[in-house]
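*Asks:* The structure follows.
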Amino acid sequence: MGSSRILFLAPLAIFILVAAVAGYYLLENRDPRLLPSAMINKPAPTFRLNGLSVDGREVAKGFSSDNFKGHITVLNFFASWCGPCLVEHPQVMALAGMRGVVVLGVNYKNKPVDAAAWLARNGNPYARIGVDPQGDLALEFGLYAVPETFVIDHTGRIRVKHVGPITEDVLQENLLPAIRALQR
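Read left to right, the sequence shown gives residues 5 to 188 (the working numbering).
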């Protein structure tokens, strides 16, 4: 009788826990997109990604964690099937136009031909694009979902993590001030 009672109460306990966490964020005016990351102020994972190629034709060169050294990098995980990625695309294009900032893209669990067509249609803000077909690099960065964006300093340390699309407000209030502070 005791174990069946525990099985009966377990879903209720989980529901109460989830409701309490959600309530905390809502009542405290906390933005649920500002998820904590254990990666902040730590070196980015060491990796090497192949470039974006379609039918043996290189669309974009790949990159590695070595490409973070010596400048500020905006690392953006995107996919052609991701609606919010299209929403943030104008802001990613704006970041690509900034002096002293390199924007690198990670094509996340996406067919290369679809990614290439999407970039041809919408513009390519990325200096280099690495492909992450299985999501292995995404796991190393602690990705929740696409799009996600990281600001990495000139030494290769992650300074900012943004979950979700970069809106104009996010760009102006969060990312640009962080980038400017790193440029000093």
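A virtual CB, placed ideally from N, CA and C, is assigned to each residue, including glycine.
Consult DSSP for residue 76 and reduce its assignment to one of helix, strand or coil.
*Replies:* strand
*Asks:* Is it the case that the Cβ atoms of residue 53 and residue 67 are separated by a distance below 8 Å?
*Replies:* yes
*Asks:* Is residue 132 near the ligand HEM, going by C-beta to nearest heavy atom under 7 Å?
*Replies:* Judged by which ligands are present, the structure shown has none, so any question about the ligand HEM falls away.
*Asks:* I'd like to know if the region 70-77 and the region 154-168 are in contact, where contact means that at least 3 CB-CB pairs between them fall below 8 Å.
*Replies:* Judged by Cβ distances under 8 Å, the region 70-77 makes contact with the region 154-168, as three or more pairs qualify.
*Asks:* Report the three-state DSSP secondary structure of residue 178 (helix, strand or coil).
*Replies:* helix
*Asks:* State yes or no: is the C-beta of residue 90 within less than 8 Å of the C-beta of residue 128?
*Replies:* With contacts defined by Cβ atoms closer than 8 Å, residue 90 and residue 128 do not form a contacting pair.
*Asks:* Counting only the same chain and skipping the five closest in sequence on each side, list residues whose C-beta sits under 7 Å from that of residue 81.
*Replies:* 110, 112, 142, 147, 150, 151, 152
*Asks:* When you compare each of 131, 98, 121 to residue 59 by their alpha carbons, which one comes out closest?
*Replies:* Ranking 131, 98, 121 by Cα distance to residue 59 puts 121 first.
*Asks:* Just tell me which of 77, 166, 47, 87 has its CA closest to the CA of residue 99.
*Replies:* 77
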